[in-house]
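The numbering used here numbers the first residue of the sequence shown as 491 and each following residue consecutively.
Just so it is clear, CB atoms sit at the ideal spot from N, CA and C, and this is done for glycine as well.
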Amino acid sequence: MASAMTLCLASSAAFAQAWPARPISLIVPFPAGGTTDVLARVVGQELAKSLGQPVVVESRPGAGATLGADFVAKAKPDGYTLLMGAVHHTIATSVYRKLPYDFQKDFAPITTVALVPNVLVVNPNVPAKNVKELLALAKSEPGKLTYGSNGNGTGQHLIGAQFEGLGGVQLLHVPYKGSGPLTVDLLGGQITMSFDTITPVLQQIKLGKLRALAVTTIRRLPALPDVPTLDESGLKGFDLGTWFGILAPAATPGEIVTRLNTELVKIINSVEFRKKMADIGAEPIGNTPGQMARQIREDTERFARLVKDAKVSVE
């Protein structure tokens, strides 16, 4: 038995040392153009340099980011298939009644890449110039104002539901497959507002094509210093943002997880990466697998309470 275990450990170590010997797939569970895709491409490019193998960013959108997650959960745990996960996956655990995977048990956390605040933006044709005016408009037309999200059970969906609850208004939720198609419709006036991450809308805000009314985190954003928080705007205690991180299938060898964490944290702490994050309004993180696992566990518990209070569910 001892000799067999020794042989197994030696084989695992040899495999990890040989890794990576071919391209790595980084699965993005949303369409191209959104924050998840942007971060994945920046990280993938740098990770390819440090590992000496291509990192192929592959989009597998649908069902509030759960289709891509399910694909990775069921992939061979050999370090060649990774997930660009997000806070959405901790929310989906409570929103979807029949998920085909367990986000805490079926994945090996590697590191949280960045925290990206969300912003309440409206089409410029909307007469409201601030949150107070938007709430008044929503109350005068219950259920008529629309907000888009990246899908049922995503962070934007829950933020919208929380906004409805704290603001005492009724909005119409319109789910999309990702930020790309959502932003197109918002710019075209097909929907009233969104609570998307800052990355896909920052340039449109600066160009005056979208109007930012508030940020959803407790602190104002350096990229939008004149835009108040929802807490400042009267929705006291409102503090929700979106984190993004990389995970592997649960049984991925520990040596590979450690190697990935080491390389990714170096990338995240680099001056070049931090500048790129500042340009899109993101805060670099770069924590340990254990810290990311704790973050996932705590967020899953926190959002379970919010989902219950907001009565958000998807079959």
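For residue i, name the three-state secondary structure that DSSP assigns.
i	result
Arg787	helix
Asn751	helix
Arg587	coil
Ser803	coil
Gly641	coil
Arg795	helix
Phe593	coil
Val547	strand
Gln680	coil
Tell me the rounded alpha-carbon separation between residue i and residue j.
i	j	result
Gln468	Gly524	Absent from the model: residue 468. The displayed extent of the chain is 491 to 805, so no value can be given.
Arg749	Ala598	13 Å
Lys756	Val533	11 Å
Thr580	Val611	24 Å
Ile514	Thr706	34 Å
Phe653	Asn642	16 Å
Leu605	Ile775	7 Å
Ile649	Thr752	33 Å
Val804	Leu557	14 Å
Leu661	Ile746	46 Å
Leu497	Gln694	With a pLDDT of 49 at Leu497, under the threshold of 50, the modelled position of this residue cannot be trusted; read the value that follows with caution. When rounded, the distance between both Cα atoms is 58 Å.
Any idea if residue i is buried or exposed, counting beta-carbon neighbours within 10 angstroms, 16 or more meaning buried?
i	result
Gln680	exposed
Thr571	buried
Asp716	exposed
Ile517	buried
Ser630	exposed
Sort the options by Cα distance to residue i and report the nearest one.
i	options	result
Leu714	Lys696, Asp729, Leu725, Glu722	Lys696
Gly552	Ser630, Asn608, Ser639, Gly735	Ser639
Asn615	Gly698, Gly641, Thr742	Gly698
Thr583	Ala794, Pro779, Ala800	Ala794
Using DSSP's beta-bridge definition, name the partner residues of residue i.
i	result
Trp733	Leu605
Met574	Ile736
Please confirm whether residue i has its beta-carbon closer than 8 Å to some beta-carbon of chain C.
i	result
Phe653	Reference to chain C is not applicable here, since this structure consists of a single protein chain.
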